[in-house]
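Read left to right, the sequence shown gives residues 457 to 570 (my numbering).
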Amino acid sequence: MDISDDGQKLAPEWIEVGNNISGSLRGCRDASSVAERFVRAGWRSRSSSWYAYELETSWCQVEIEPIDASDLLLNGVVDPRRFDELADLLTRFGLRYGLELSAADGGMVREARG
């Protein structure tokens, strides 16, 4: 799976925000299979390197990339009001994760684990 343009693009108000979400997806063998789950949920996807993917919808844009044999790094921007929605989606996918939402000054606002 390389590209899916079927989902929504990130809303303009989130483009300039900068990264406010980071985390990891534990026990994932490759980013491609995770990207496929997001596409099935209506998100856009594109390959951003040999092994990484950018995933996007109107309220979130994240990149997932392998950081070792079984974990993926996740970082990008999310509408803070929809942070729980992203965590719920990862739970629904059956993924183990740790997420941190940061404020504009870089301080942690919220955390979610699943």
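The beta carbon of each residue, even a glycine, is placed where N, CA and C say it ideally should be.
Only a predicted model underlies this, so the values are computations on that prediction, with no experimental measurement involved.
Counting along the chain, no alpha helix (DSSP H) covers residue 536, and no H or E run does either. Judged by DSSP in its simplified three-state form, residue 545 adopts helix. Excluding the 5 residues flanking it on each side, residue 513 has same chain C-beta neighbours closer than 6 angstroms at 463, 464 and 499, in chain order. Under the three-state reduction of DSSP output, residue 568 falls in the strand class.
The shortest C-alpha to C-alpha distance from residue 558 to any of 471, 524, 481 and 567 is the one to 567.
One thing to note: residue 518 has its Cβ no nearer than 8 angstroms to the Cβ of residue 473. Judged by DSSP in its simplified three-state form, residue 518 adopts strand.
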